[in-house]
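Heads up, the thing below is written out as structure tokens.
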Amino acid sequence: MAGMLSLVGPPIGNLQDASPRVISTLDAADVVLCEDTRVTGKLMAAFGLHTHLERCDENVIEQRVPTVLDRLRAGERVAFVSDAGMPGVSDPGMPGVSDPGQRLVDAALDEGLAVEVIPGPSAVTCALVASGLASEHFFFEGFLPRRKSAQVTRLWELALVPGTIVCYESPRRVAETLANVAEVFPARRVALVRELTKLHEECLRGMSAELAAEVAARGEV
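If you read the sequence shown in our numbering, its first letter stands for residue 39, the second for the next number, and so on.
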């Protein structure tokens, strides 16, 4: 009997967002693959789970895939969990690197093996809803390039997107990135959403130049 590959979406901050199905799937798995055993270990400990953990990030995914497929063929239940949020979403900030969860699903489906998704929070959709901006059409960019020239070039490319653009950014680079956004999109409303699902969740909104100036005055966000 073939096994099951479960893509499990853990909380993005608030542990109470872990659904009963998330907990039961992790508990019933023969092995839990994760990006960082320390991060997932804390999640498992919080719910008294003791399933064996194995590292499975972008650096080792190529070596892990054949073993995972063998386990599934042998009837084992393999769970993959991200550090936070829904696994399987590629990070456009790392060109040529596929999310480990996406790589596992692709390989399992190619072999005709069973895959299921255990839904959980997603920072992308949570931020979009919390922003109050139009959500009929949106584009997830991930991380923008770090160098200013490359970032501005990419923002000009994104100017053609007919909808809300969702980006991730480091707290240390938010002010600089917002300044570049204001340069390319001077008449666009922007929202900065931080600490999602946590005690100090915050949403700052305004026209791009106004928000860039506010964040620059605050420093690291």
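Using N, Cα and C, we set each Cβ at its ideal position, and we do this for glycine too.
These figures come from a predicted structure and were not determined experimentally.
Original post:
Mapping DSSP to helix, strand and coil, what is CYS72?
Top reply: strand
Original post:
Are there 16 or more other CB atoms within 10 angstroms of the CB of ARG256, so buried, or fewer, so exposed?
Top reply: exposed
**OP:** Label ASN52 either buried or exposed according to how many other C-beta atoms from any shown protein chain fall within 10 Å of its C-beta, with 16 as the threshold for buried.
**Re:** exposed
Subject >> Uninterrupted alpha helix (DSSP H) stretches inside the segment 81 to 123 (no shorter than 4 residues) >> reply: 99 to 111
Original post:
With 16 as the cutoff for other CB atoms within 10 Å, does LEU166 come out buried or exposed?
Top reply: Of the residues assessed, LEU166 falls on the buried side of the cut-off, its CB having 16 or more other CB atoms within 10 angstroms.
**OP:** Put VAL155 into one of helix, strand or coil per three-state DSSP.
**Re:** strand
Original post:
VAL190 to ALA220, Cα distance in whole Å?
Top reply: 10 Å
Subject >> Inter-residue spacing [alpha-carbon to alpha-carbon] between MET42 and VAL222 >> reply: Distance between the alpha carbons of MET42 and VAL222: 46 Å.
Subject >> Cα-Cα separation, ALA146 to ALA152 >> reply: 7 Å
**OP:** Please classify GLY134: is it buried, with 16 or more other beta-carbons within 10 angstroms of its beta-carbon, or exposed?
**Re:** At GLY134 the pLDDT is 47, less than 50, meaning the model places this residue with poor confidence and gives no usable figure here.
**OP:** Kindly indicate the opening and closing residues of the beta strand (DSSP E) around LEU43.
**Re:** 42 to 46
**OP:** Could you spell out the range, first to last residue, of the alpha helix (DSSP H) harbouring GLY139?
**Re:** 138 to 148
Original post:
Hey, would you say PHE181 sits closer than 9 Å to TYR206, going by beta carbons?
Top reply: yes
**OP:** Identify, in the order they occur along the chain, each residue of the same chain with its Cβ nearer than 8 Å to the Cβ of GLU212, setting aside the five sequence neighbours on each side.
**Re:** A small fix is needed here, since residue 212 is Val in this sequence, not Glu. So the list reads LEU230, VAL253, GLU258, VAL259, once near-sequence residues are dropped.
Subject >> Any beta strand (DSSP E) of 3 or more consecutive residues that is wholly inside the segment 145 to 230 >> reply: 152 to 156, 176 to 181, 202 to 206
Original post:
Hey, would you say ALA117 sits closer than 9 Å to SER44, going by beta carbons?
Top reply: yes
**OP:** Could you pull out every residue in the same chain whose Cβ sits closer than 7 Å to the Cβ of ARG192, ignoring the five residues on either side in sequence?
**Re:** LEU182, PRO183
**OP:** For GLU240, write down the residues that DSSP places opposite it in a beta bridge.
**Re:** ARG232
**OP:** Give the single residue among THR215, ASP144, GLY158 whose Cα lies nearest to the Cα of ILE99.
**Re:** ASP144
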